[in-house]
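These notes are about the structure you will find just below.
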Amino acid sequence: MQASLIKRDHAYVSRGGSRQRIVTLVDRGVVSYSQRVFGILITRSEGLAEFAQWAYEDADLRRASAPEPGMP
Numbered sequence: 001m002q003a004s005l006i007k008r009d010h011a012y013v014s015r016g017g018s019r020q021r022i023v024t025l026v027d028r029g030v031v032s033y034s035q036r037v038f039g040i041l042i043t044r045s046e047g048l049a050e051f052a053q054w055a056y057e058d059a060d061l062r063r064a065s066a067p068e069p070g071m072p
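1 is the number of the first residue of the sequence shown in UniProt numbering; add one for each residue after it.
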């Protein structure tokens with residue numbers, strides 16, 4: 001994913017992954033995010049370039065564009 005597409009308050013997933021990372025802050029090339037691991041909320045930070053390599057899809061955008069159940 002392009003680094004310019006990473007936005008605050010959005011959740012991202014990796015290719016084939018189900019664990020979401022929710023971005024809380026993007027500042028000076030550092031992304032702060034939280035994720036749940038076995039029900040425990042963990043907060044981490046990593047470089048924007050590394051996060052962009054990992055992030056495959058915006059989970060919030062995917063959810064908003066998904067058809068409603070029962071709709072073709």
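Quick reminder that beta carbons are idealized off the backbone N, C-alpha and C, glycines included.
For Ser4, the secondary structure class from DSSP, reduced to helix, strand or coil, is helix. Secondary structure of Ala52 (DSSP, three-state): helix.
Nearest Cα to Trp54 within the set Tyr33, Phe38, Arg28: Tyr33.
Leu48 sits away from Ala11, with the two beta carbons spaced by 8 Å or more. Under the criterion of beta carbons closer than 8 Å, Val31 and Gln20 do not qualify as touching, at roughly 14 Å.
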